[in-house]
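Below is one structure, written out as structure tokens, with a few remarks after it.
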Amino acid sequence: MPDKDPRRSRESFNTVAELYARYRPGYPEAVVEDVVRSAEISPGSRVLEIGCGAGQLSVPLAERGAELQAVELGADLARIARRRLAPFPTAKVHVAAFESWPLPQEPFDAVVCANAFHWLDPDVRFAQAAAALRPGGRLAIVAPHHVRGDDPGFFRQTNRCYVRWGLGDDPEWLPPTAEELSPDYPEIADCPAFGSVERHRLEAVRRFTTESYIGMLRTDSLIIGMEPREREGFLADLSAVIDRSCGGEVLWHQVYGVLAAVRQ
Ligand SMILES: C[S@@+](CC[C@H](N)C(=O)[O-])C[C@H]1O[C@@H](n2cnc3c(N)ncnc32)[C@H](O)[C@@H]1O
1098 MPDKDPRRSR ESFNTVAELY ARYRPGYPEA VVEDVVRSAE ISPGSRVLEI
1148 GCGAGQLSVP LAERGAELQA VELGADLARI ARRRLAPFPT AKVHVAAFES
1198 WPLPQEPFDA VVCANAFHWL DPDVRFAQAA AALRPGGRLA IVAPHHVRGD
1248 DPGFFRQTNR CYVRWGLGDD PEWLPPTAEE LSPDYPEIAD CPAFGSVERH
1298 RLEAVRRFTT ESYIGMLRTD SLIIGMEPRE REGFLADLSA VIDRSCGGEV
1348 LWHQVYGVLA AVRQ
């Protein structure tokens, strides 16, 4: 819903659930550790995860002993997350929109959300997260950003495909540098329910082959929203450019913003 490009939708991910499980990378160890530390998660902590997808963050949190419950909009994604969480008998995945999910009576020690908070209703998301937490509990939000990195050559090569297939209009487009990123969710400063806001940034480079990059793009809401023939045309075009001009390899520079706040 709140994403600005009308071609994107929050329901789209569930339509490619198996691809999502296969091609979306998990989180680097340093990001998981930062979430665990910032949200004060320890064995036995009651943790609620919003929008767990196929369980990319859920599994490492459960491995660290979190008593995990997750709320996921997509039934097929929830089924995959449940399958991956099967070794953790106390883990539960509920299929619902977080905004209207009836909160259990016992509050949570931590609420975490990785790459999904931007899909939630901005008028409800902080209030509902606050209502789910005990006083002193922590909210931790992970916001991944694609940044420029050292070599803009990849964008110079591939922008033409985006322009050709109506997905962009600037052949010179570059993502922001890490320094140009603005803080995630600045409006938390106006939420009296949350205080002691901490912000961390972690950088990582993800390496893809042409096949794994195209697979990952198939899970991008913008690409999912294309007409099937257009999508296949665009992906074939892009794949040829990556093979021909980038040696069949893509290096993706990511900045993971981790925002943590204490429930007052
Ligand atoms: C980009 S995916 C991120 C999934 C996973 N957390 C990850 O990091 O890979 C966004 C997820 O949020 C879920 N989602 C979107 N809106 C939601 C809502 N209102 N309540 C619960 N889940 C939601 C989507 O179904 C999708 O699984």
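All letters in the sequence shown, in the order written, are residues 1098 to 1361 by our numbering. Note that beta-carbon positions come from the ideal geometry of N, C-alpha and C, so glycine has one too. Predicted, not measured: the structure shown is a model, and the values here were computed from it.
C-alpha distance - residue i paired with residue j, whole-angstrom precision
i, j, result
"V1260", "R1328", "13 Å"
"R1095", "R1315", "No statement about residue 1095 is possible, as the shown extent of the chain runs from 1098 to 1361 and does not include it."
"R1161", "L1145", "14 Å"
"D1266", "R1257", "9 Å"
"V1352", "R1303", "11 Å"
"H1297", "T1306", "29 Å"
"A1229", "E1276", "34 Å"
"A1301", "Y1117", "20 Å"
"A1193", "G1344", "43 Å"
"Q1225", "S1309", "36 Å"
"E1269", "R1180", "43 Å"
"R1253", "D1317", "20 Å"
"Q1153", "V1239", "12 Å"
"G1292", "S1197", "24 Å"
"P1283", "T1274", "19 Å"
"D1340", "L1332", "12 Å"
"E1324", "I1138", "43 Å"
"P1099", "L1217", "With a pLDDT of only 49 at P1099, under the threshold of 50, the placement of this residue in the model should not be trusted, and no figure is reported."
"I1311", "L1335", "8 Å"
"G1354", "A1237", "10 Å"
"P1280", "E1295", "11 Å"
"W1262", "A1207", "42 Å"
"Q1361", "P1125", "30 Å"
"P1103", "R1222", "20 Å"
heavy atom of ligand 1 below 7 Å from residue i C-beta
i, result
"F1195", "yes"
"R1161", "no"
"Q1351", "no"
"Q1153", "yes"
"I1320", "no"
"I1147", "yes"
"F1305", "no"
"A1127", "no"
"R1121", "yes"
"E1169", "yes"
"R1107", "yes"
"F1223", "no"
"G1234", "no"
Residue interval of the beta strand (DSSP E) (run including residue i)
i, result
"S1293", "1291-1306"
"Q1225", "No beta strand (DSSP E) contains Q1225, which is instead part of the alpha helix (DSSP H) from 1222-1229."
"F1205", "1205-1211"
"V1113", "Unbroken run through V1113: none, as it is neither H nor E."
"A1167", "1164-1169"
Spatially closest choice to residue i from the options, by CA coordinates
i, options, result
"R1107", "T1255, I1320, R1245, P1273", "I1320"
"L1264", "R1253, G1322, A1226, A1290", "G1322"
"L1158", "R1176, T1187, G1171", "T1187"
"G1141", "E1130, R1222, A1114, F1205", "F1205"
"Y1120", "L1278, I1147, V1132, A1151", "A1151"
"P1184", "L1200, H1215, A1172, E1164", "E1164"
"L1271", "A1211, H1243, F1223", "H1243"
"D1287", "A1333, P1219, A1213", "P1219"
"I1373", "P1241, D1340, F1331, F1214", "No information on residue 1373 is available, as it lies outside the stretch 1098 to 1361 that the chain covers here."
"L1390", "P1280, D1281, A1167, D1248", "For residue 1390 there is no data in the structure shown, the boundaries of the chain being 1098 and 1361."
"A1114", "S1279, S1139, E1126, D1173", "D1173"
"R1245", "P1232, G1233, A1237, L1278", "L1278"
"I1147", "A1178, P1125, E1126, E1130", "A1178"
"D1248", "H1350, W1262, A1337, E1126", "H1350"
Endpoints, the alpha helix (DSSP H) within which residue i is located
i, result
"I1321", "1318-1321"
"R1253", "1250-1261"
"Q1351", "First-last for Q1351: 1346-1360, but that is the beta strand (DSSP E), not the alpha helix (DSSP H)."
"E1329", "1325-1342"
"I1177", "1172-1181"
"L1200", "Taken as a continuous stretch (DSSP letters only), L1200 belongs to no alpha helix (DSSP H), as it is neither H nor E."
"R1143", "Counting along the chain, R1143 falls outside any alpha helix (DSSP H), though it belongs to the beta strand (DSSP E) covering 1143-1147."
"E1160", "1155-1160"
Supposed close pair residue i, residue j - CB separation, criterion 8 Å
i, j, result
"F1251", "V1128", "About 23 Å separates the two Cβ atoms, so there is no contact after all."
"R1235", "S1155", "Going by Cβ atoms, the distance from R1235 to S1155 rounds to 17 Å, so no, they are not a contact pair."
"V1190", "A1175", "5 Å"
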